[in-house]
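Participant:
There are 2 protein chains.
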Amino acid sequence: MQTIDTLINARWVIPVEPDGKTLDHHSIAVHGGKIVEVLPTANVAKKYRATETIDLPHHALIPGLINAHTHSAMSLFRGLADDLPLMDWLNHHIWPAEAKWVSEAFVRDGTELAIAEMLKSGTTCFNDMYFFPDVTARVCADAGMRACVGLIMLDFPSAWAQGADEYLHKGLKLHDELRNSELVSTAFAPHAPYTVSDAPLERIRMYADELDIPIHMHVHETAHEVDAGQKQFGMRPLARLAKLGLLGPRLLAVHMTQLLPDEITSLAQDNVSVIHCPESNLKLASGFCPVQTLVKAGVNVALGTDGAASNNNLDMLEEMRIAALLAKGVSGEATAIPAHTALRMATLNGAKALGIEAHTGSLVAGKAADMAAIDLSAISSQPVYDPLSQIIYTATRDQVTDVWVNGRHLLAKHQLTGLDEAALRDKAAQWRDKIKG
Amino acid sequence: MQTIDTLINARWVIPVEPDGKTLDHHSIAVHGGKIVEVLPTANVAKKYRATETIDLPHHALIPGLINAHTHSAMSLFRGLADDLPLMDWLNHHIWPAEAKWVSEAFVRDGTELAIAEMLKSGTTCFNDMYFFPDVTARVCADAGMRACVGLIMLDFPSAWAQGADEYLHKGLKLHDELRNSELVSTAFAPHAPYTVSDAPLERIRMYADELDIPIHMHVHETAHEVDAGQKQFGMRPLARLAKLGLLGPRLLAVHMTQLLPDEITSLAQDNVSVIHCPESNLKLASGFCPVQTLVKAGVNVALGTDGAASNNNLDMLEEMRIAALLAKGVSGEATAIPAHTALRMATLNGAKALGIEAHTGSLVAGKAADMAAIDLSAISSQPVYDPLSQIIYTATRDQVTDVWVNGRHLLAKHQLTGLDEAALRDKAAQWRDKIKG
Numbered sequence: 043m044q045t046i047d048t049l050i051n052a053r054w055v056i057p058v059e060p061d062g063k064t065l066d067h068h069s070i071a072v073h074g075g076k077i078v079e080v081l082p083t084a085n086v087a088k089k090y091r092a093t094e095t096i097d098l099p100h101h102a103l104i105p106g107l108i109n110a111h112t113h114s115a116m117s118l119f120r121g122l123a124d125d126l127p128l129m130d131w132l133n134h135h136i137w138p139a140e141a142k143w144v145s146e147a148f149v150r151d152g153t154e155l156a157i158a159e160m161l162k163s164g165t166t167c168f169n170d171m172y173f174f175p176d177v178t179a180r181v182c183a184d185a186g187m188r189a190c191v192g193l194i195m196l197d198f199p200s201a202w203a204q205g206a207d208e209y210l211h212k213g214l215k216l217h218d219e220l221r222n223s224e225l226v227s228t229a230f231a232p233h234a235p236y237t238v239s240d241a242p243l244e245r246i247r248m249y250a251d252e253l254d255i256p257i258h259m260h261v262h263e264t265a266h267e268v269d270a271g272q273k274q275f276g277m278r279p280l281a282r283l284a285k286l287g288l289l290g291p292r293l294l295a296v297h298m299t300q301l302l303p304d305e306i307t308s309l310a311q312d313n314v315s316v317i318h319c320p321e322s323n324l325k326l327a328s329g330f331c332p333v334q335t336l337v338k339a340g341v342n343v344a345l346g347t348d349g350a351a352s353n354n355n356l357d358m359l360e361e362m363r364i365a366a367l368l369a370k371g372v373s374g375e376a377t378a379i380p381a382h383t384a385l386r387m388a389t390l391n392g393a394k395a396l397g398i399e400a401h402t403g404s405l406v407a408g409k410a411a412d413m414a415a416i417d418l419s420a421i422s423s424q425p426v427y428d429p430l431s432q433i434i435y436t437a438t439r440d441q442v443t444d445v446w447v448n449g450r451h452l453l454a455k456h457q458l459t460g461l462d463e464a465a466l467r468d469k470a471a472q473w474r475d476k477i478k479g
Numbered sequence: 043m044q045t046i047d048t049l050i051n052a053r054w055v056i057p058v059e060p061d062g063k064t065l066d067h068h069s070i071a072v073h074g075g076k077i078v079e080v081l082p083t084a085n086v087a088k089k090y091r092a093t094e095t096i097d098l099p100h101h102a103l104i105p106g107l108i109n110a111h112t113h114s115a116m117s118l119f120r121g122l123a124d125d126l127p128l129m130d131w132l133n134h135h136i137w138p139a140e141a142k143w144v145s146e147a148f149v150r151d152g153t154e155l156a157i158a159e160m161l162k163s164g165t166t167c168f169n170d171m172y173f174f175p176d177v178t179a180r181v182c183a184d185a186g187m188r189a190c191v192g193l194i195m196l197d198f199p200s201a202w203a204q205g206a207d208e209y210l211h212k213g214l215k216l217h218d219e220l221r222n223s224e225l226v227s228t229a230f231a232p233h234a235p236y237t238v239s240d241a242p243l244e245r246i247r248m249y250a251d252e253l254d255i256p257i258h259m260h261v262h263e264t265a266h267e268v269d270a271g272q273k274q275f276g277m278r279p280l281a282r283l284a285k286l287g288l289l290g291p292r293l294l295a296v297h298m299t300q301l302l303p304d305e306i307t308s309l310a311q312d313n314v315s316v317i318h319c320p321e322s323n324l325k326l327a328s329g330f331c332p333v334q335t336l337v338k339a340g341v342n343v344a345l346g347t348d349g350a351a352s353n354n355n356l357d358m359l360e361e362m363r364i365a366a367l368l369a370k371g372v373s374g375e376a377t378a379i380p381a382h383t384a385l386r387m388a389t390l391n392g393a394k395a396l397g398i399e400a401h402t403g404s405l406v407a408g409k410a411a412d413m414a415a416i417d418l419s420a421i422s423s424q425p426v427y428d429p430l431s432q433i434i435y436t437a438t439r440d441q442v443t444d445v446w447v448n449g450r451h452l453l454a455k456h457q458l459t460g461l462d463e464a465a466l467r468d469k470a471a472q473w474r475d476k477i478k479g
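Protein chains in written order, with our numbering: chain A, 43 to 479; chain B, 43 to 479.
1) According to the neighbour-count rule (16 or more other Cβ atoms, all chains shown, within 10 Å of its Cβ), is residue 469 of chain A buried or exposed?
2) For residue 353 of chain B, I'd like the list of residues in its chain whose CB is within less than 7 Å of its CB, leaving aside the five on either flank, ordered along the chain.
3) What ranges does the beta strand (DSSP E) occupy inside the segment 210 to 270 of chain A, keeping only unbroken runs of at least 3 residues that lie completely in it?
4) I'd like to know whether the C-beta atoms of residue 310 of chain B and residue 340 of chain B end up nearer to each other than 8 Å.
5) Residue 435 of chain B touches chain A at which residues, Cβ-Cβ below 7 Å?
6) Do the segment 108 to 128 of chain B and the segment 162 to 172 of chain B touch if we need at least three Cβ pairs shorter than 8 Å?
7) Which runs of the alpha helix (DSSP H) fall wholly inside the segment 86 to 147 of chain B and span at least 4 residues, in chain order?
8) Rounding to the nearest angstrom, what Cα-Cα distance links residue 428 of chain B and residue 317 of chain B in this structure?
9) How big is the Cα-Cα spacing for residue 405 of chain A and residue 83 of chain A?
10) Given a limit of 8 Å on CB to CB distance, which residues of the segment 149 to 182 of chain B reach chain A?
11) Is residue 422 of chain B near residue 443 of chain B, with beta carbons less than 8 Å apart?
12) Mind checking the segment 440 to 453 of chain B against chain A and listing, in chain order, the residues whose C-beta falls within less than 8 Å of any C-beta there?
13) So what's residue 79 of chain B in DSSP terms, helix, strand or just coil?
14) Under 8 Å, do residue 126 of chain B and residue 466 of chain B count as touching if we go by C-beta distance?
15) Going by DSSP, name the residue or residues bridged to residue 294 of chain A.
16) Identify the residues that DSSP records as bridge partners of residue 454 of chain B: which are they?
17) Going by Cα to Cα distance, which pick from A:342, A:52, A:203, A:441 is closest to residue 141 of chain A?
18) Please compile the residues from chain B whose C-beta is within a distance smaller than 8 Å of the C-beta of residue 330 of chain A.
19) Hey, would you say residue 280 of chain B sits closer than 8 Å to residue 261 of chain B, going by beta carbons?
20) Counting only Cβ-Cβ distances shorter than 9 Å, please list the residues of the segment 294 to 324 of chain B near chain A, keeping chain order.
21) Would you list the one or two residues that DSSP bridges to residue 193 of chain A?
22) Only counting the same chain, and skipping five residues up and downstream in sequence, which positions put a Cβ closer than 7 Å to that of residue 488 of chain A?
23) Buried or exposed: where does residue 382 of chain B fall if 16 or more other Cβ atoms within 10 Å of its Cβ makes it buried?
24) What do you reckon, are the CB atoms on residue 379 of chain B and residue 333 of chain B nearer than 8 Å?
25) For residue 347 of chain A, which three-state DSSP category applies?
26) Where does residue 58 of chain A sit, in a helix, a strand or coil, going by DSSP?
27) Would the segment 51 to 62 of chain B count as touching the segment 82 to 100 of chain B if we require 3 or more Cβ pairs under 8 Å?
28) Please work out which residues of its chain come closer than 6 Å, Cβ to Cβ, to residue 432 of chain B, disregarding the five sequence neighbours upstream and downstream, and give them in chain order.
29) Comparing the C-beta of residue 426 of chain A with each C-beta of chain B, is any distance below 8 Å?
30) Can you check whether the C-beta of residue 478 of chain B is within less than 8 Å of a C-beta belonging to chain A?
31) Count the other CB atoms, across all protein chains shown, that sit within 10 Å of the CB of residue 492 of chain A; report buried if there are 16 or more and exposed otherwise.
32) Anything in chain A within Cβ reach of residue 463 of chain B, meaning under 7 Å, just list it in chain order.
33) List in chain order: all unbroken alpha helix (DSSP H) runs of 4+ residues lying wholly within the segment 376 to 439 of chain B.
34) Any beta carbon of chain B sitting closer than 8 Å to that of residue 432 of chain A?
35) Taking the alpha carbon of residue 447 of chain A as the point to measure from, which residue in A:93, A:187, A:116, A:139 has its own alpha carbon closest?
36) Identify the residues that DSSP records as bridge partners of residue 444 of chain B: which are they?
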């Protein structure tokens, strides 16, 4: 008999590895924050003695969802300016609001609100790009949330840094401070080809190689961006990134709604990860990412919500559903992105993109216990023919009952065990009153 | 002082008429199932004495949502066969399952399950097309649900009828039985141009004029349907319906993913209503309905979920969100289908399509008290800059707390007051066990 911290008995376990597998009446043994074993519940009694046992009789246990692109603090701008085109939205609403309001306090409160929302909808890890990434990292560590914080880079000054040198310096310092963190990793986060010039991109390429961390960047979000890049640099932004040596397995290219066939081939050859943000792309009318073609070409495609100001939620269950549905519509193939592929995109593929697939992204022994339980007894999920299909095509965030990050039970029976919801709600209202003026 | 049944004090009331209006701290006075007045809460005390007062301090009160196209009993096939193309899905999965399982008991249990799901997500009226519409009508009357039941017509025999004569006869009989029903109306429901031949369509046209009821039909769902119609009849299905005299204000043309510019003009001129089912169209890769173009042309566009076997839920909040997002993506205009238009499509436009806009579809004095309360205090809806935007772009069905149909409080604090959820869950599981075999 082995003594362990926690034993979770679930009606179904969907481990993501192997792909598409659903295990009936299985249990997960957790000790020291890690998955010890995934085994039939019938075999548990003779093998493990657990300090805590949790029964999930109507639930599917899945790997915690990985939101591979967001700007978490922007949750405080959620719904500030809707139904507007990208450039109008950025130039006349979001950028002015950021210039006026973004501060350490804003990032702290916005990120806490975002983490609360993410945990309540089954997300255990997010890849962030925003100002004051040091604050984001501290909030994550305090909340027990896994994240990759972006070391942001822009040609323009902000409340966080005055120019390329300071962005880079502060980023490298933060990377150094976080190098032993179990929960928070870092990536370079040059905002976009149209906001970062060649010299800082070359330095980022060099440091990323040296430090062995990802590069997280908006690329080809709109046709306008591609046209403008062509005019300014005489080549498409992706070609410019290739010229600068940025195309490779470290690159997380976010959005990618504008792609030529040979660009798709090159993404596959160079092992670039594409981060698909379907709701944001739809909401801003940015274009359609050719997800099914990318997947067929062998590109690693992960999913992100983008910030709450252009989505307007951080709900990866909904993002999976919309990704699965939209890929069918765009490709004209109703078999495109079936349920198990959507779940893989939102879990293991995200971990791969972030270079943390050895630690998270699937429910296998040795990985961190990053998990979400989804109650499939909701009326709107009846009857259950296939639990995986019900998760993708019927479940909503209120069916997420329990979430663990690194073995810590951060959401228990719908309740956040760390963050204070009422306080978050009050703080959000205070920010709204200030921002709305 | 006037004595009334119910007074509801809401943080916000969004009446849909006038379009886009949000009323702060307003109340709705209800008596005898009807809305007596919408007024500022501050003015209530001196005017009304209510038997029951309900406070909704964090909620928006909206007109009950109208699901303008569904096959409610198919909820028992939810998730039976996903990630398949329309014709494969129909020919090899849905139609064989229907041939084997559809019966009075199936329609009763499936419709009850669907009504429970619809009420819990804010829907107060649905437009149905399925076999045994007499059973559907009875279940609605028992549950207190508003519906328009389709008098289905097919060239093929089914458990409900053997051929055109019997479909028509049974349909007319049901129409007659329901002619005094306050909650349940009827529409002719010829399945689709490719499943109903000219003679029965001509008879339907004649009877529809005589009885003054709508005609509810799948039209131009896929390119395949249009091509096949062109080959068989030498014209596109819409042209054939025009030739048969079916294009007019009575027609609810469902799906409409294949439309030429002059067809859009003719839909507008003839006052045809288009029922847009974005999730179903995406899931079956049927094509994109040009919603923004239709709205600009002045066509009345309403929203439907389609059946739960191709969606896979009956959640009109989600359908509004996806309609608003997809219209932006398809038109390339981020201003397309703003939040208030999405809500209007899911309420008043549905009522107009069904010819019941004098009775429901907006919160104005004299109409039935068909209403849904949405709690905007959820973490994922914070902060609230604009309640209407938060409903469309952030809210999920779990935020629906209370629903009234014709003044009856059918959902109270998330609990169904009539239907028994546990019993519905058990019945759904029994059907699954039989159907899965």
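All C-beta atoms, glycine included, are put in the ideal place defined by N, C-alpha and C.
Facilitator: Quick look at the numbers:
1) Numbered from 1 along the first sequence, position 427 holds the residue referred to as residue 469 of chain A. Classified as buried, residue 469 of chain A has 16 or more neighbouring CB atoms from the shown chains inside 10 Å of its CB.
2) What you label residue 353 of chain B is simply residue 311 of the second sequence in a count that begins at 1. Result list for residue 353 of chain B: 321, 322, 325, 347, in chain order.
3) The DSSP assignment places complete beta strand (DSSP E) segments of no fewer than 3 residues inside the segment 210 to 270 of chain A at 226 to 232, 257 to 261, in order along the chain.
4) Counted from its first residue, the second sequence places residue 310 of chain B at position 268. Counted from its first residue, the second sequence places residue 340 of chain B at position 298. In this structure, residue 310 of chain B lies near residue 340 of chain B, with their beta-carbon atoms less than 8 Å apart.
5) Position 393 of the second sequence, counting from 1, holds the residue named residue 435 of chain B. Around residue 435 of chain B, the beta-carbon contacts reaching into chain A at under 7 Å are 121, 124, 354.
6) Because the criterion of three Cβ pairs below 8 Å is met, the segment 108 to 128 of chain B and the segment 162 to 172 of chain B touch.
7) Runs of the alpha helix (DSSP H) inside the segment 86 to 147 of chain B: 128 to 131, 137 to 143.
8) Position 386 of the second sequence, counted from the first residue, corresponds to residue 428 of chain B. Position 275 of the second sequence, counted from the first residue, corresponds to residue 317 of chain B. Going by the C-alpha atoms only, they are around 27 Å apart.
9) As a first step, residue 405 of chain A is located in the first sequence; it is residue number 363 there, counting from the start. As a first step, residue 83 of chain A is located in the first sequence; it is residue number 41 there, counting from the start. Answer to the nearest angstrom: the Cα atoms are 15 Å apart.
10) Within the segment 149 to 182 of chain B, the residues whose Cβ lies closer than 8 Å to some Cβ of chain A are 155, 158, 159, 162, 163, listed in chain order.
11) Here residue 422 of chain B corresponds to residue number 380 of the second sequence, with the count starting at 1. Here residue 443 of chain B corresponds to residue number 401 of the second sequence, with the count starting at 1. No, these two residues do not count as a Cβ contact at 8 Å.
12) So the list reads 440, given in the order they occur along the chain.
13) Numbered from its first residue, the second sequence carries residue 79 of chain B at position 37. Strand, per DSSP.
14) On the second sequence, position 84 is the one that residue 126 of chain B refers to. On the second sequence, position 424 is the one that residue 466 of chain B refers to. Result no, Cβ atoms of residue 126 of chain B and residue 466 of chain B do not sit closer than 8 Å.
15) For this step, residue 294 of chain A is matched to residue 252 along the first sequence. Residue 294 of chain A pairs with A:258, A:315.
16) As a first step, residue 454 of chain B is located in the second sequence; it is residue number 412 there, counting from the start. The partner list for residue 454 of chain B (beta bridge, DSSP) reads B:457.
17) Within the first sequence, residue 141 of chain A is the residue found at index 99, counting from 1. Ranking A:342, A:52, A:203, A:441 by Cα distance to residue 141 of chain A puts A:203 first.
18) Indexing the first sequence from 1 puts residue 330 of chain A at position 288. Those within 8 Å of residue 330 of chain A in chain B are 371.
19) Here residue 280 of chain B refers to the residue found at position 238 when the second sequence is read from its first residue. Here residue 261 of chain B refers to the residue found at position 219 when the second sequence is read from its first residue. The criterion of a C-beta distance shorter than 8 Å is satisfied by residue 280 of chain B and residue 261 of chain B.
20) When CB distances to chain A are screened at a threshold of 9 Å, the residues of the segment 294 to 324 of chain B falling below it are 320, 321, 323, 324, in chain order.
21) Translated into positions along the first sequence, residue 193 of chain A becomes position 151. Note: residue 193 of chain A sits in a beta bridge opposite A:230.
22) Chain A is shown only over 43 to 479; residue 488 of chain A falls outside these bounds and no answer can be derived.
23) Against the second sequence, residue 382 of chain B aligns to sequence position 340. Looking at its Cβ environment, which holds 16 or more other Cβ atoms inside 10 Å, residue 382 of chain B is buried.
24) As a first step, residue 379 of chain B must be located in the second sequence, where it is residue number 337. As a first step, residue 333 of chain B must be located in the second sequence, where it is residue number 291. For residue 379 of chain B and residue 333 of chain B, yes; Cβs fall inside 8 Å.
25) Against the first sequence, residue 347 of chain A aligns to sequence position 305. Of the three classes helix, strand and coil, the one that applies to residue 347 of chain A here is coil, per DSSP.
26) What you label residue 58 of chain A is simply residue 16 of the first sequence in a count that begins at 1. Looking at residue 58 of chain A - three-state DSSP - the assignment turns out to be coil, as it is neither helix nor strand.
27) For the pair of segments examined, the segment 51 to 62 of chain B was found to touch the segment 82 to 100 of chain B: the number of CB pairs separated by less than 8 Å reaches three.
28) Here residue 432 of chain B corresponds to residue number 390 of the second sequence, with the count starting at 1. Shown here for residue 432 of chain B: same chain residues with a beta carbon closer than 6 Å to its own, the five before and five after excluded, namely 418, 423, 426 in chain order.
29) In the first sequence, residue 426 of chain A corresponds to position 384, counting from 1. For residue 426 of chain A, the answer is yes, since a Cβ of chain B falls inside 8 Å of its Cβ.
30) One-based indexing of the second sequence puts residue 478 of chain B at position 436. At least one CB atom of chain A sits nearer than 8 Å to the CB of residue 478 of chain B.
31) No answer is possible for residue 492 of chain A: it lies beyond the span of chain A, which begins at 43 and ends at 479.
32) Position 421 of the second sequence holds residue 463 of chain B. Per Cβ cutoff of 7 Å: 421.
33) Correct list: 381 to 387, 390 to 395, 429 to 435.
34) Locating residue 432 of chain A in the first sequence gives position 390, where the first residue counts as 1. At least one chain B Cβ lies under 8 Å of residue 432 of chain A.
35) Locating residue 447 of chain A in the first sequence gives position 405, where the first residue counts as 1. Nearest of A:93, A:187, A:116, A:139 to residue 447 of chain A, Cα basis: A:187.
36) Within the second sequence, numbered from 1, the residue matching residue 444 of chain B stands at position 402. Looking at the DSSP assignment, residue 444 of chain B forms a beta bridge with B:415.
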